Amino acid sequence: MSPYRKTHWLPAAALSLCALTAIHCGGESSNEPGNSEISGDLSNVSLQISYRITPLIDSLVVDCHGADTLHYVADPASPYLEMDLFPHEHWTFKAKLYANGELMQTGELSAALKAGETADLQIQMHAIKGFVYIEIPLGFGNPTGIASGELSLDDGKKKFTYPMEIAGSTAVLKSGMLPLNSDYALDLKLLDSSGAAIYQASDSIHLDEASPVPELKIHSLRAKLSIGFALGKEVGMEFTLALPANRRTPKYGDVVISEVFAAPIANDSCQYEFIEVYNGSLDTLDLKNCTLGTTSIASKAWGITLPQILPGEIVVFGDSSFKTPEKYRLTEKWGSLGNSKGSVVIQCNGSILDSLYYSSDADSLGNTFVPALGSSKYGSSAQLNMEQWENRNNSDSWCLGTPNPGALDFCE
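Heads up: the sequence shown runs through residues 0 to 411, numbered per numbering that gives the first Met the number 0.
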């Protein structure tokens with residue numbers, strides 16, 4: 000999983016797998032004799048799987064045993080499973096959630112299905128293992144100088160040590176799978192290139208079924224570095240380290256245009272033009288006297304009404320149509336973006352912070368461009384691969400995908 004993929008830490012979430020068409024729960028099946036006669040009529044099954052959202056999810060597997068033996072591997076990002084099943088007195092549904100490379104949660108349900116009925120079923124998943132996952136924003140250019148890090152976990156019998164990985168402007172520390180119902184002493188170290196410690200923290204955590212993946216967040220705001228341990232609704236621990244505070248006027252390289260949606264489908268009531276901007280610095284940036292537009296001429300640009308953008312924050316500037324959510328109407332006015340080609344410029348006090356040229360085809364001068372229109376022409380946005388933010392003038396650093404304002408997804 001890319002560290003730039005937005006992960007929302009949520010309580011147990013119910014993902015509905017609605018069964019509407021006859022695909023039999025999956026592409027692999029074999030006939031197996033049962034206790035009841037197989038009828039030509041089918042049972043329409045709606046299967047709901049409730050599991051705890053975790054990072055690094057690999058796949059969701061459902062095995063169905065009854066009149067047939069069926070296997071389905073679901074994409075957790077598209078959790079809708081459609082199936083019509085033959086009636087049988089004893090259908091068994093076994094679900095398995097794989098994360099961080101291993102089996103993490105399981106659930107099972109049995110039911111009798113009658114011909115022609117519509118059944119609403121729910122599988123409650125249970126965690127069997129857990130792991131620790133930490134994301135650390137380094138900021139564009141890594142101004143804090145973090146070069147390496149180490150996560151250590153000790154359950155009193157064995158010590159586990161895991162190195163830090165850096166991808167773009169984000170660092171990740173993750174453990175392997177760990178037994179539940181155990182207490183672990185946690186040590187975290189962030190080091191510079193010489194091996195000197197920039198930050199250290201120690202505490203204990205408890206892994207259980209209710210909290211198989213402790214929520215460890217590091218927010219590097221320069222004003223302070225905080226680590227919050229959210230182990231459940233009733234348990235919380237926090238450590239803070241004071242660092243020099245900084246609120247300033249943005250300069251080139253602080254922010255990047257991360258997504259542009261210039262060709263919405265006209266009759267889609269949920270689509271609207273927008274420009275997404277990401278603050279890759281570790282400072283709060285003052286947006287006074289900043290503008291957004293389709294040209295570098297400031298007098299023709301649109302004044303930004305948002306007072307500031309926090310470090311690591313994603314801001315979406317939407318058009319002024321009624322389709323656009325109010326929270327995205329952050330400019331004094333809006334000029335229509337060209338569907339097949341155009342430019343986007345963000346500047347402050349007359350200095351350009353970032354700009355791009357998007358087009359459906361290369362121009363006669365061979366200038367680099369951001370892709371503008373997908374195979375369906377309308378309905379796709381240009382999205383920047385944030386791991387390639389330094390090469391954002393290269394077309395290969397961009398892709399076309401389903402619009403996703405407010406999330407740093409690279410066509411996922």
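Every residue, glycine too, gets a C-beta built ideally from N, C-alpha and C. These numbers come from a predicted model, not from an experiment.
Under the three-state DSSP convention, the category residue i falls into
{"i": "SER192", "result": "coil"}
{"i": "TRP333", "result": "coil"}
{"i": "MET415", "result": "An answer regarding residue 415 cannot be provided, because it is not within the stretch 0 to 411 covered by the chain."}
{"i": "TYR327", "result": "helix"}
{"i": "LYS299", "result": "helix"}
{"i": "ASP395", "result": "helix"}
{"i": "ASN390", "result": "helix"}
{"i": "VAL315", "result": "strand"}
{"i": "ASN180", "result": "coil"}
{"i": "CYS289", "result": "strand"}
{"i": "ASP62", "result": "strand"}
{"i": "LEU372", "result": "coil"}
{"i": "THR143", "result": "coil"}
{"i": "TYR271", "result": "coil"}
{"i": "SER219", "result": "Model confidence at SER219 stands at a pLDDT of 40, short of 50, so the residue's coordinates are unreliable; what they give is reported in the following sentence. Strand, per DSSP."}
{"i": "LEU96", "result": "strand"}
{"i": "GLU134", "result": "strand"}
{"i": "PRO248", "result": "The residue asked about is misnamed: residue 248 is Thr in this sequence, not Pro. Here THR248 sits in coil by DSSP."}
{"i": "PHE409", "result": "coil"}
{"i": "PHE85", "result": "coil"}
{"i": "GLY279", "result": "coil"}
{"i": "LYS452", "result": "Because the chain is modelled from 0 through 411, residue 452 falls outside the range shown and cannot be assessed."}
{"i": "LYS158", "result": "strand"}
{"i": "GLY378", "result": "coil"}
{"i": "GLY400", "result": "strand"}
{"i": "PHE260", "result": "strand"}
{"i": "MET124", "result": "coil"}
Buried or exposed by the 16-neighbour rule on C-beta atoms within 10 Å, applied to residue i
{"i": "ARG246", "result": "exposed"}
{"i": "TYR251", "result": "exposed"}
{"i": "PHE321", "result": "exposed"}
{"i": "ALA195", "result": "exposed"}
{"i": "ASP408", "result": "buried"}
{"i": "PRO54", "result": "buried"}
{"i": "GLY349", "result": "exposed"}
{"i": "SER109", "result": "exposed"}
{"i": "CYS269", "result": "exposed"}
{"i": "ILE303", "result": "buried"}
{"i": "ALA265", "result": "exposed"}
{"i": "ASP67", "result": "buried"}
{"i": "ALA13", "result": "Note on ALA13: pLDDT 28, under 50, position unreliable in the model; the coordinate value appears next. Exposed, because fewer than 16 other Cβ atoms sit within 10 Å of the Cβ of ALA13."}
{"i": "TRP8", "result": "Residue confidence for TRP8 is low, a pLDDT of 28 falling below 50, so the modelled location carries little weight and cannot support an answer."}
{"i": "ILE256", "result": "buried"}
{"i": "SER358", "result": "buried"}
8 angstroms Cβ shell around residue i - same chain, five flanking residues per side excluded
{"i": "PRO404", "result": "GLU258, PHE260, PHE273, GLU275, VAL315, GLY317 and TYR327"}
{"i": "ASN338", "result": "ALA261, ALA262, ALA371, LEU372 and TYR377"}
{"i": "GLU107", "result": "THR91, PHE92, LYS93, ALA94 and ILE122"}
{"i": "SER219", "result": "Residue placement at SER219 cannot be trusted, given a pLDDT of 40 that sits under 50; what the coordinates show is reported in the next sentence. If we look at SER219 and ignore the five residues flanking it on each side, its Cβ neighbours are ILE135, PRO136, LEU137, GLY138, THR143, LEU281, PRO310 and GLY311."}
{"i": "LYS128", "result": "GLU101, LEU102, MET103, MET176, LEU177, PRO178, LEU179 and PRO211"}
Pair within 9 angstroms by beta-carbon distance, residue i and residue j
{"i": "LEU185", "j": "ALA200", "result": "yes"}
{"i": "GLY138", "j": "SER192", "result": "no"}
{"i": "SER342", "j": "LEU352", "result": "no"}
{"i": "THR330", "j": "LEU291", "result": "yes"}
{"i": "GLN104", "j": "PRO178", "result": "no"}
{"i": "GLY148", "j": "LEU187", "result": "yes"}
{"i": "HIS64", "j": "TRP90", "result": "yes"}
{"i": "LEU150", "j": "ILE133", "result": "yes"}
For residue i, the nearest candidate out of the options (CA to CA)
{"i": "ILE56", "options": "SER379, ASN99 and ALA114", "result": "ASN99"}
{"i": "SER375", "options": "LEU59, THR401 and GLU389", "result": "THR401"}
{"i": "TRP301", "options": "ILE308, SER319 and ILE256", "result": "SER319"}
{"i": "ALA406", "options": "GLU389, ASN393 and ASN384", "result": "ASN384"}
{"i": "GLN307", "options": "ASN266, ASP253, SER298 and TRP333", "result": "ASP253"}
{"i": "CYS347", "options": "THR367, SER379 and SER298", "result": "SER298"}
{"i": "SER181", "options": "GLY155, ALA146 and LEU172", "result": "GLY155"}
{"i": "ASN390", "options": "ILE303, ALA126, SER379 and PHE368", "result": "PHE368"}
{"i": "PRO142", "options": "VAL255, GLY279 and PHE159", "result": "GLY279"}
{"i": "CYS410", "options": "ASN393, ASN392, ALA381 and SER394", "result": "ALA381"}
{"i": "SER168", "options": "TRP333, TYR277, ASN288 and LYS332", "result": "TYR277"}
{"i": "SER58", "options": "PRO75, HIS70, TYR71 and LEU69", "result": "PRO75"}
{"i": "ALA361", "options": "SER379, TYR97 and LYS340", "result": "LYS340"}
{"i": "LEU309", "options": "MET82, LEU281 and SER359", "result": "LEU281"}
{"i": "GLU294", "options": "LEU84, PRO162, GLY334 and THR160", "result": "The residue asked about is misnamed: residue 294 is Thr in this sequence, not Glu. Per the Cα distances, GLY334."}
Same chain, Cβ closer than 6 angstroms to residue i, neighbours up to 5 away in sequence not counted
{"i": "GLY311", "result": "PRO136"}
{"i": "GLN387", "result": "SER396"}
{"i": "GLU164", "result": "VAL171"}
{"i": "TYR97", "result": "ASP57 and SER58"}
Proximal residues to residue i (C-beta, below 7 angstroms), its chain only, five neighbours per side dropped
{"i": "LEU305", "result": "LEU286, VAL314 and LEU329"}
{"i": "PRO249", "result": "LEU284, CYS347 and LEU352"}
{"i": "PHE130", "result": "ASN99, LYS173, SER174, GLY175, MET176, LEU177 and VAL212"}
{"i": "ASN392", "result": "THR367"}
{"i": "ASN288", "result": "CYS347 and ASN348"}
{"i": "ALA146", "result": "LEU190, ASP191 and SER192"}
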